[in-house]
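For the sequence shown, the positions run -17 to 413 when the working numbering is used.
Here a beta-carbon is modelled for each residue, glycine too, at the ideal position from N, C-alpha and C.
Below is one structure, written out as C-alpha coordinates, with a few remarks after it.
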Amino acid sequence: MKKAIVLPLIITLLALTAWVFYDPAPKPNPKPFEVQKAEDFDYVFGLIKQEYPLLQAQKNATGYDFVADYAKHKAHIMQAKNPTEFFFLLNDVLDKLDNEHTHMMTKADVQYAIGIYSQSNHDDYRWQIYTHLTRDKRLQQAYATEIGMTPAQEEQARRDKIAKIDAQIAVPANVQMFDVVPNQVGYLSVRELTHVSLLDTDERHAVMRYLQKIKHYPALIIDIRTNTGGDTRYWTQFLLPAITARPLSLDLYSFFKQGTHMDAYKATRPTMTDIDRTQVAKALPVSADLARILDTFAYQEIQPLRVDMDPDGIGFGGKIYLLVDNDVYSSAETLAIFAKYTQFATLVGTPTRGDGVGTDPMIAILPNTHFAIRYAKQLGIAPDGTINAIRGTQPDVLVANPPNFTLPTDVDVAKNDPVIQRAVQLALSSH
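What follows is the structure in C-alpha coordinates.
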(Lines of atoms letter the chains of each structure in order from A and count residues from 1; the text may use other names and numbers.)
(Lines give C-alpha, C1' and ligand atoms only; values in the text may rest on other atoms or scores of the structure.)
Protein backbone atom coordinates (compact mmCIF):
# COMPACT_ATOMS: atom_id res chain seq x y z
CA MET A 1 0.00 0.00 0.00
CA LYS A 2 2.98 2.37 -0.39
CA LYS A 3 1.19 3.74 -3.42
CA ALA A 4 -1.24 5.54 -1.11
CA ILE A 5 1.64 7.45 0.49
CA VAL A 6 3.65 8.13 -2.67
CA LEU A 7 0.70 9.51 -4.70
CA PRO A 8 0.50 12.83 -2.76
CA LEU A 9 4.02 13.56 -4.05
CA ILE A 10 2.38 14.18 -7.44
CA ILE A 11 0.57 17.15 -5.91
CA THR A 12 3.85 18.52 -4.56
CA LEU A 13 5.52 18.14 -7.96
CA LEU A 14 2.66 20.04 -9.61
CA ALA A 15 3.11 22.82 -7.08
CA LEU A 16 6.87 22.97 -7.58
CA THR A 17 6.39 23.13 -11.34
CA ALA A 18 4.01 26.06 -10.97
CA TRP A 19 6.65 28.04 -9.09
CA VAL A 20 9.35 27.88 -11.76
CA PHE A 21 7.44 30.09 -14.19
CA TYR A 22 8.24 33.24 -12.23
CA ASP A 23 11.38 35.06 -11.17
CA PRO A 24 12.10 33.97 -7.55
CA ALA A 25 14.25 37.06 -6.79
CA PRO A 26 12.10 40.22 -6.48
CA LYS A 27 13.47 43.47 -5.18
CA PRO A 28 13.83 43.63 -1.38
CA ASN A 29 11.07 45.28 0.63
CA PRO A 30 12.40 48.75 1.48
CA LYS A 31 10.44 49.03 4.74
CA PRO A 32 12.26 48.39 8.05
CA PHE A 33 11.39 44.98 9.49
CA GLU A 34 9.80 46.63 12.54
CA VAL A 35 7.31 48.31 10.22
CA GLN A 36 6.74 45.17 8.14
CA LYS A 37 5.83 42.97 11.09
CA ALA A 38 3.60 45.64 12.67
CA GLU A 39 1.71 46.17 9.42
CA ASP A 40 1.39 42.45 8.74
CA PHE A 41 0.07 41.83 12.23
CA ASP A 42 -2.51 44.60 11.84
CA TYR A 43 -3.51 43.14 8.47
CA VAL A 44 -4.09 39.68 9.96
CA PHE A 45 -5.82 41.06 13.04
CA GLY A 46 -8.10 43.12 10.79
CA LEU A 47 -8.95 40.04 8.73
CA ILE A 48 -9.83 38.06 11.83
CA LYS A 49 -11.81 40.87 13.40
CA GLN A 50 -13.82 41.57 10.24
CA GLU A 51 -14.18 38.20 8.49
CA TYR A 52 -13.46 35.36 10.92
CA PRO A 53 -16.85 33.87 11.83
CA LEU A 54 -16.29 32.36 15.27
CA LEU A 55 -15.16 35.23 17.51
CA GLN A 56 -18.47 35.75 19.31
CA ALA A 57 -19.25 32.04 19.39
CA GLN A 58 -15.89 31.36 21.05
CA LYS A 59 -16.48 34.17 23.53
CA ASN A 60 -19.94 32.80 24.40
CA ALA A 61 -18.61 29.26 24.84
CA THR A 62 -15.37 29.95 26.74
CA GLY A 63 -15.43 33.57 27.88
CA TYR A 64 -12.26 34.32 25.90
CA ASP A 65 -12.27 37.60 23.94
CA PHE A 66 -9.60 37.41 21.22
CA VAL A 67 -10.15 40.98 20.01
CA ALA A 68 -9.76 42.45 23.51
CA ASP A 69 -6.20 41.08 23.61
CA TYR A 70 -5.03 43.13 20.62
CA ALA A 71 -2.22 44.85 22.53
CA LYS A 72 -1.01 41.61 24.07
CA HIS A 73 -1.05 39.85 20.70
CA LYS A 74 0.87 42.65 19.02
CA ALA A 75 3.48 42.83 21.76
CA HIS A 76 4.00 39.09 21.33
CA ILE A 77 4.75 39.27 17.60
CA MET A 78 6.85 42.44 17.93
CA GLN A 79 9.46 40.35 19.75
CA ALA A 80 10.37 38.77 16.40
CA LYS A 81 13.92 39.51 15.26
CA ASN A 82 13.47 38.05 11.77
CA PRO A 83 10.72 36.73 9.45
CA THR A 84 11.02 33.16 10.72
CA GLU A 85 10.42 34.22 14.33
CA PHE A 86 7.56 36.43 13.15
CA PHE A 87 5.94 33.44 11.40
CA PHE A 88 5.96 31.32 14.54
CA LEU A 89 4.96 34.11 16.92
CA LEU A 90 2.01 35.07 14.72
CA ASN A 91 0.99 31.42 14.58
CA ASP A 92 1.03 31.46 18.40
CA VAL A 93 -1.52 34.26 18.29
CA LEU A 94 -3.74 32.41 15.81
CA ASP A 95 -3.61 29.34 18.05
CA LYS A 96 -5.63 31.35 20.58
CA LEU A 97 -8.61 30.99 18.24
CA ASP A 98 -8.53 27.22 18.84
CA ASN A 99 -9.50 26.40 15.27
CA GLU A 100 -7.44 23.97 13.23
CA HIS A 101 -8.54 25.56 9.97
CA THR A 102 -6.92 28.84 11.06
CA HIS A 103 -3.12 29.03 11.04
CA MET A 104 -0.01 30.26 9.28
CA MET A 105 0.72 28.12 6.25
CA THR A 106 3.99 26.22 5.97
CA LYS A 107 5.72 25.66 2.66
CA ALA A 108 4.19 22.16 2.57
CA ASP A 109 0.72 23.69 3.14
CA VAL A 110 1.22 26.18 0.31
CA GLN A 111 2.49 23.54 -2.11
CA TYR A 112 -0.42 21.24 -1.31
CA ALA A 113 -2.93 24.07 -1.85
CA ILE A 114 -1.32 24.94 -5.18
CA GLY A 115 -1.41 21.33 -6.32
CA ILE A 116 -5.03 20.74 -5.34
CA TYR A 117 -6.37 24.12 -6.45
CA SER A 118 -4.65 23.86 -9.85
CA GLN A 119 -7.44 21.40 -10.69
CA SER A 120 -10.22 23.94 -9.93
CA ASN A 121 -12.54 25.49 -12.50
CA HIS A 122 -11.38 28.93 -13.56
CA ASP A 123 -14.54 30.60 -12.22
CA ASP A 124 -13.98 29.05 -8.76
CA TYR A 125 -12.49 31.06 -5.90
CA ARG A 126 -9.93 28.30 -5.40
CA TRP A 127 -8.55 29.04 -8.86
CA GLN A 128 -8.14 32.67 -7.80
CA ILE A 129 -6.17 31.51 -4.76
CA TYR A 130 -4.04 29.24 -6.97
CA THR A 131 -3.30 32.21 -9.23
CA HIS A 132 -2.30 34.43 -6.32
CA LEU A 133 -0.05 31.78 -4.78
CA THR A 134 1.77 30.96 -8.00
CA ARG A 135 2.24 34.53 -9.24
CA ASP A 136 3.42 36.16 -6.02
CA LYS A 137 7.19 36.46 -6.40
CA ARG A 138 7.73 37.54 -2.81
CA LEU A 139 5.71 34.57 -1.54
CA GLN A 140 7.97 32.26 -3.53
CA GLN A 141 10.95 33.92 -1.91
CA ALA A 142 9.41 33.67 1.58
CA TYR A 143 8.87 29.95 1.07
CA ALA A 144 12.19 29.24 -0.67
CA THR A 145 12.74 26.65 2.05
CA GLU A 146 10.43 25.22 4.69
CA ILE A 147 9.91 27.74 7.48
CA GLY A 148 12.67 27.46 10.09
CA MET A 149 14.91 25.24 7.92
CA THR A 150 18.05 25.89 5.90
CA PRO A 151 18.18 24.37 2.39
CA ALA A 152 20.43 21.62 3.72
CA GLN A 153 18.04 20.83 6.59
CA GLU A 154 15.08 20.76 4.23
CA GLU A 155 16.87 18.38 1.88
CA GLN A 156 17.84 16.12 4.76
CA ALA A 157 14.23 16.10 6.01
CA ARG A 158 13.09 15.10 2.53
CA ARG A 159 15.66 12.28 2.40
CA ASP A 160 14.67 11.10 5.88
CA LYS A 161 11.00 10.98 4.89
CA ILE A 162 11.74 8.94 1.77
CA ALA A 163 13.99 6.60 3.74
CA LYS A 164 11.30 6.10 6.36
CA ILE A 165 8.75 5.21 3.69
CA ASP A 166 11.16 2.85 1.96
CA ALA A 167 12.00 1.15 5.26
CA GLN A 168 8.41 0.33 6.04
CA ILE A 169 7.56 -3.28 5.30
CA ALA A 170 3.84 -2.84 5.93
CA VAL A 171 2.22 0.55 5.67
CA PRO A 172 -1.10 0.70 7.57
CA ALA A 173 -3.89 0.59 5.05
CA ASN A 174 -6.27 3.51 4.85
CA VAL A 175 -9.14 1.05 5.29
CA GLN A 176 -9.43 -2.05 7.45
CA MET A 177 -12.19 -4.59 6.87
CA PHE A 178 -13.14 -7.75 8.74
CA ASP A 179 -16.10 -9.41 10.43
CA VAL A 180 -16.40 -8.60 14.13
CA VAL A 181 -19.10 -11.27 14.34
CA PRO A 182 -18.71 -13.89 11.58
CA ASN A 183 -21.44 -13.65 8.96
CA GLN A 184 -23.41 -11.16 11.06
CA VAL A 185 -21.58 -7.88 11.75
CA GLY A 186 -19.10 -6.36 9.31
CA TYR A 187 -16.50 -3.76 10.18
CA LEU A 188 -14.92 -1.09 7.95
CA SER A 189 -12.62 1.65 9.25
CA VAL A 190 -11.41 4.68 7.28
CA ARG A 191 -8.35 6.55 8.56
CA GLU A 192 -8.45 9.45 6.09
CA LEU A 193 -10.87 10.80 3.51
CA THR A 194 -8.43 10.65 0.63
CA HIS A 195 -8.73 13.29 -2.09
CA VAL A 196 -10.67 11.67 -4.93
CA SER A 197 -7.87 12.36 -7.42
CA LEU A 198 -5.52 10.36 -5.21
CA LEU A 199 -7.86 7.52 -4.26
CA ASP A 200 -6.06 4.25 -4.82
CA THR A 201 -7.81 1.89 -7.26
CA ASP A 202 -6.77 -1.01 -5.04
CA GLU A 203 -8.59 0.62 -2.13
CA ARG A 204 -11.75 1.05 -4.17
CA HIS A 205 -11.70 -2.57 -5.28
CA ALA A 206 -10.94 -3.89 -1.80
CA VAL A 207 -13.83 -1.95 -0.27
CA MET A 208 -16.27 -3.05 -2.96
CA ARG A 209 -15.24 -6.69 -2.58
CA TYR A 210 -15.79 -6.60 1.17
CA LEU A 211 -19.13 -4.84 0.81
CA GLN A 212 -20.30 -7.52 -1.61
CA LYS A 213 -19.32 -10.11 1.01
CA ILE A 214 -21.39 -8.51 3.78
CA LYS A 215 -24.34 -7.21 1.73
CA HIS A 216 -26.80 -9.56 3.45
CA TYR A 217 -25.41 -9.16 7.00
CA PRO A 218 -27.76 -7.76 9.67
CA ALA A 219 -25.31 -4.97 10.57
CA LEU A 220 -22.28 -2.97 9.42
CA ILE A 221 -19.97 -0.87 11.60
CA ILE A 222 -18.19 2.05 9.91
CA ASP A 223 -15.38 3.42 12.07
CA ILE A 224 -14.13 6.98 11.47
CA ARG A 225 -12.55 7.53 14.88
CA THR A 226 -9.23 9.44 14.59
CA ASN A 227 -10.28 10.64 11.10
CA THR A 228 -9.57 14.37 10.85
CA GLY A 229 -11.03 14.81 7.38
CA GLY A 230 -9.80 15.28 3.84
CA ASP A 231 -12.12 15.27 0.84
CA THR A 232 -15.89 15.15 1.38
CA ARG A 233 -16.25 13.49 -2.01
CA TYR A 234 -14.64 10.33 -0.61
CA TRP A 235 -17.91 9.52 1.09
CA THR A 236 -20.43 11.45 -1.06
CA GLN A 237 -19.18 9.95 -4.34
CA PHE A 238 -17.63 6.65 -3.25
CA LEU A 239 -18.26 5.14 0.17
CA LEU A 240 -21.91 5.94 0.95
CA PRO A 241 -23.22 5.41 -2.61
CA ALA A 242 -21.69 1.92 -2.45
CA ILE A 243 -23.60 1.16 0.76
CA THR A 244 -26.90 3.02 0.91
CA ALA A 245 -30.23 1.43 -0.01
CA ARG A 246 -31.91 4.80 -0.64
CA PRO A 247 -31.00 8.29 -1.88
CA LEU A 248 -29.92 10.58 0.96
CA SER A 249 -29.98 14.36 1.19
CA LEU A 250 -29.32 17.09 3.72
CA ASP A 251 -29.11 20.89 3.42
CA LEU A 252 -26.56 22.63 5.64
CA TYR A 253 -26.56 26.37 6.31
CA SER A 254 -23.46 28.57 6.46
CA PHE A 255 -23.16 32.29 7.20
CA PHE A 256 -20.48 34.81 6.22
CA LYS A 257 -19.38 38.23 7.37
CA GLN A 258 -18.79 41.08 5.00
CA GLY A 259 -15.21 41.88 4.03
CA THR A 260 -12.82 42.15 1.11
CA HIS A 261 -12.19 38.40 0.80
CA MET A 262 -15.75 37.39 1.57
CA ASP A 263 -17.13 39.82 -1.02
CA ALA A 264 -14.72 38.41 -3.62
CA TYR A 265 -15.72 34.90 -2.62
CA LYS A 266 -19.41 35.77 -2.97
CA ALA A 267 -18.78 36.99 -6.53
CA THR A 268 -17.80 33.42 -7.51
CA ARG A 269 -20.73 31.74 -5.70
CA PRO A 270 -24.18 32.10 -7.32
CA THR A 271 -25.64 30.15 -4.38
CA MET A 272 -24.39 32.70 -1.82
CA THR A 273 -26.98 35.36 -1.08
CA ASP A 274 -27.73 38.15 1.35
CA ILE A 275 -28.87 36.68 4.63
CA ASP A 276 -32.61 35.99 4.82
CA ARG A 277 -33.48 35.74 8.51
CA THR A 278 -37.08 34.75 7.86
CA GLN A 279 -36.00 31.80 5.74
CA VAL A 280 -33.34 30.83 8.27
CA ALA A 281 -35.85 30.86 11.13
CA LYS A 282 -38.10 28.50 9.14
CA ALA A 283 -35.24 26.11 8.29
CA LEU A 284 -33.39 26.01 11.60
CA PRO A 285 -34.13 26.26 15.32
CA VAL A 286 -32.59 29.67 16.04
CA SER A 287 -31.86 30.39 19.70
CA ALA A 288 -31.64 33.92 21.06
CA ASP A 289 -27.84 33.62 21.24
CA LEU A 290 -27.60 32.43 17.64
CA ALA A 291 -29.93 35.22 16.48
CA ARG A 292 -27.66 37.83 18.10
CA ILE A 293 -24.61 36.30 16.44
CA LEU A 294 -26.28 36.19 13.03
CA ASP A 295 -27.07 39.90 13.32
CA THR A 296 -23.35 40.51 12.61
CA PHE A 297 -23.36 38.39 9.40
CA ALA A 298 -24.16 39.56 5.87
CA TYR A 299 -24.43 36.46 3.67
CA GLN A 300 -25.72 32.91 3.72
CA GLU A 301 -25.26 29.79 1.63
CA ILE A 302 -27.10 26.49 1.61
CA GLN A 303 -24.84 23.50 1.04
CA PRO A 304 -26.92 20.68 -0.46
CA LEU A 305 -25.38 17.29 0.29
CA ARG A 306 -26.69 14.50 -1.91
CA VAL A 307 -25.82 10.81 -2.00
CA ASP A 308 -27.31 8.61 -4.70
CA MET A 309 -27.20 4.84 -4.88
CA ASP A 310 -24.31 3.38 -6.88
CA PRO A 311 -25.68 0.95 -9.49
CA ASP A 312 -22.85 -1.39 -8.46
CA GLY A 313 -23.46 -0.81 -4.74
CA ILE A 314 -24.95 -3.28 -2.28
CA GLY A 315 -28.10 -1.42 -1.22
CA PHE A 316 -27.41 -2.44 2.37
CA GLY A 317 -30.61 -3.22 4.24
CA GLY A 318 -29.17 -3.90 7.69
CA LYS A 319 -28.38 -1.61 10.60
CA ILE A 320 -25.42 0.76 10.24
CA TYR A 321 -23.35 2.11 13.13
CA LEU A 322 -20.90 5.00 12.70
CA LEU A 323 -18.16 5.15 15.36
CA VAL A 324 -16.94 8.67 16.23
CA ASP A 325 -14.65 10.41 18.71
CA ASN A 326 -13.13 13.81 19.50
CA ASP A 327 -10.66 13.54 16.61
CA VAL A 328 -13.43 13.52 13.99
CA TYR A 329 -13.13 16.89 12.24
CA SER A 330 -13.69 18.80 9.03
CA SER A 331 -14.88 16.53 6.17
CA ALA A 332 -15.12 13.56 8.52
CA GLU A 333 -17.30 15.72 10.76
CA THR A 334 -19.53 16.43 7.76
CA LEU A 335 -19.99 12.67 7.39
CA ALA A 336 -20.98 12.40 11.06
CA ILE A 337 -23.56 15.18 10.66
CA PHE A 338 -24.92 13.67 7.47
CA ALA A 339 -25.17 10.16 8.89
CA LYS A 340 -26.94 11.37 12.02
CA TYR A 341 -29.50 13.71 10.46
CA THR A 342 -30.36 11.53 7.45
CA GLN A 343 -30.63 8.53 9.80
CA PHE A 344 -28.16 6.68 7.60
CA ALA A 345 -26.44 5.41 10.75
CA THR A 346 -26.60 5.36 14.53
CA LEU A 347 -23.62 7.25 15.97
CA VAL A 348 -21.68 5.50 18.75
CA GLY A 349 -18.72 6.97 20.63
CA THR A 350 -17.93 10.43 22.01
CA PRO A 351 -18.74 13.96 20.75
CA THR A 352 -16.82 15.01 17.65
CA ARG A 353 -14.55 18.03 17.28
CA GLY A 354 -16.73 19.82 14.74
CA ASP A 355 -16.08 22.38 11.99
CA GLY A 356 -17.66 20.20 9.35
CA VAL A 357 -20.25 22.59 7.87
CA GLY A 358 -18.89 24.59 4.97
CA THR A 359 -16.24 24.59 2.27
CA ASP A 360 -12.48 25.12 2.15
CA PRO A 361 -11.04 27.84 4.40
CA MET A 362 -9.91 31.15 2.92
CA ILE A 363 -6.25 31.85 2.13
CA ALA A 364 -4.73 35.34 2.22
CA ILE A 365 -1.19 36.61 1.64
CA LEU A 366 0.40 39.05 4.10
CA PRO A 367 1.39 42.33 2.39
CA ASN A 368 4.99 42.62 3.63
CA THR A 369 6.42 39.22 4.60
CA HIS A 370 4.22 37.49 2.01
CA PHE A 371 3.57 34.52 4.24
CA ALA A 372 0.18 32.93 3.68
CA ILE A 373 -2.54 32.56 6.29
CA ARG A 374 -5.42 30.11 6.19
CA TYR A 375 -8.58 30.89 8.15
CA ALA A 376 -12.12 29.60 8.64
CA LYS A 377 -14.48 31.75 6.61
CA GLN A 378 -18.01 30.64 7.51
CA LEU A 379 -20.24 29.94 10.47
CA GLY A 380 -21.66 26.46 9.94
CA ILE A 381 -24.90 25.57 11.68
CA ALA A 382 -25.98 21.96 12.28
CA PRO A 383 -29.61 20.99 11.68
CA ASP A 384 -30.26 21.20 15.43
CA GLY A 385 -29.36 24.91 15.41
CA THR A 386 -25.99 24.56 17.13
CA ILE A 387 -22.71 26.03 15.90
CA ASN A 388 -20.91 22.96 14.66
CA ALA A 389 -17.37 24.28 15.16
CA ILE A 390 -18.14 24.84 18.85
CA ARG A 391 -20.33 21.89 19.80
CA GLY A 392 -19.46 19.19 17.28
CA THR A 393 -21.88 16.30 16.75
CA GLN A 394 -23.27 14.40 19.71
CA PRO A 395 -23.40 10.60 19.38
CA ASP A 396 -26.65 8.71 19.80
CA VAL A 397 -24.91 6.27 22.15
CA LEU A 398 -22.11 7.58 24.37
CA VAL A 399 -19.11 5.26 24.83
CA ALA A 400 -15.47 6.29 25.44
CA ASN A 401 -12.46 4.92 23.60
CA PRO A 402 -10.16 2.54 25.51
CA PRO A 403 -6.85 3.91 26.87
CA ASN A 404 -4.07 4.32 24.27
CA PHE A 405 -6.60 3.83 21.51
CA THR A 406 -5.63 2.99 17.95
CA LEU A 407 -7.89 1.73 15.19
CA PRO A 408 -8.08 -2.08 15.35
CA THR A 409 -6.51 -4.04 12.53
CA ASP A 410 -8.10 -7.40 13.32
CA VAL A 411 -10.99 -8.98 15.17
CA ASP A 412 -8.90 -9.89 18.24
CA VAL A 413 -8.11 -6.22 18.90
CA ALA A 414 -11.73 -5.29 18.20
CA LYS A 415 -12.89 -7.65 20.94
CA ASN A 416 -11.24 -5.37 23.52
CA ASP A 417 -12.65 -2.14 22.11
CA PRO A 418 -15.68 -1.02 24.16
CA VAL A 419 -17.03 1.23 21.39
CA ILE A 420 -17.06 -1.58 18.84
CA GLN A 421 -18.49 -4.02 21.35
CA ARG A 422 -21.29 -1.61 22.25
CA ALA A 423 -22.15 -1.30 18.56
CA VAL A 424 -22.13 -5.11 18.30
CA GLN A 425 -24.52 -5.36 21.26
CA LEU A 426 -26.87 -2.89 19.62
CA ALA A 427 -26.68 -4.75 16.33
CA LEU A 428 -27.38 -8.17 17.79
CA SER A 429 -30.15 -6.96 20.09
CA SER A 430 -32.01 -5.40 17.17
CA HIS A 431 -31.63 -8.45 14.94
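Simplified DSSP assignment, three categories, for residue i
{"i": "ALA201", "result": "strand"}
{"i": "SER179", "result": "helix"}
{"i": "ALA62", "result": "coil"}
{"i": "PRO133", "result": "helix"}
{"i": "VAL162", "result": "strand"}
{"i": "ILE402", "result": "helix"}
{"i": "THR375", "result": "coil"}
{"i": "LEU380", "result": "strand"}
{"i": "LEU36", "result": "coil"}
{"i": "VAL17", "result": "helix"}
{"i": "VAL461", "result": "As displayed, the chain neither begins before -17 nor continues past 413, which places residue 461 out of reach and without an answer."}
{"i": "ARG173", "result": "coil"}
{"i": "MET87", "result": "coil"}
{"i": "THR328", "result": "strand"}
Expected contact under 8 Å - CB spacing of residue i and residue j to nearest Å
{"i": "SER236", "j": "GLY374", "result": "Contact flag wrong, Cβ pair sits at about 16 Å."}
{"i": "ILE129", "j": "ALA327", "result": "The Cβ separation is near 41 Å, so there is no contact."}
{"i": "THR278", "j": "GLN38", "result": "7 Å"}
{"i": "GLY367", "j": "LEU266", "result": "5 Å"}
{"i": "ILE467", "j": "LYS119", "result": "Past the boundaries of the shown model lies residue 467; the chain is included only from -17 to 413, so the question cannot be answered."}
{"i": "PRO333", "j": "PRO377", "result": "7 Å"}
{"i": "ASP161", "j": "VAL393", "result": "7 Å"}
With 16 other Cβ atoms within 10 Å as the buried cut-off, status of residue i
{"i": "PRO133", "result": "exposed"}
{"i": "TYR34", "result": "buried"}
{"i": "ALA396", "result": "buried"}
{"i": "LEU380", "result": "exposed"}
{"i": "ASN398", "result": "exposed"}
{"i": "GLN158", "result": "buried"}
{"i": "SER312", "result": "buried"}
{"i": "HIS243", "result": "buried"}
{"i": "VAL17", "result": "exposed"}
{"i": "ASN156", "result": "buried"}
{"i": "ALA57", "result": "exposed"}
{"i": "VAL189", "result": "buried"}
{"i": "VAL289", "result": "buried"}
{"i": "GLU137", "result": "exposed"}
{"i": "THR316", "result": "buried"}
{"i": "PRO390", "result": "buried"}
{"i": "LYS264", "result": "exposed"}
Beta-carbon gap between residue i and residue j smaller than 8 Å
{"i": "ALA314", "j": "ILE402", "result": "no"}
{"i": "LEU76", "j": "ALA95", "result": "no"}
{"i": "VAL330", "j": "LEU305", "result": "yes"}
{"i": "TYR107", "j": "TYR247", "result": "yes"}
{"i": "ASP74", "j": "GLN40", "result": "no"}
{"i": "ILE416", "j": "LEU221", "result": "This structure cannot settle anything about residue 416, because the visible part of the chain is limited to -17 through 413."}
{"i": "GLY295", "j": "TYR199", "result": "no"}
{"i": "MET459", "j": "PHE353", "result": "Because the chain in this structure spans residues -17 to 413, residue 459 falls outside the shown range and cannot be described."}
{"i": "LEU276", "j": "ILE257", "result": "yes"}
{"i": "THR84", "j": "ALA280", "result": "no"}
Item checked: Entirely enclosed alpha helix (DSSP H) segments - the segment 197 to 282, minimum 4 residues -> Counting only runs of 4 or more, we get 222 to 225, 242 to 249, 259 to 265, 270 to 276.
Item checked: Those runs of the alpha helix (DSSP H) which lie wholly inside the segment 89 to 116 and span at least 4 residues -> The DSSP assignment places complete alpha helix (DSSP H) segments of no fewer than 4 residues inside the segment 89 to 116 at 89 to 99, in order along the chain.
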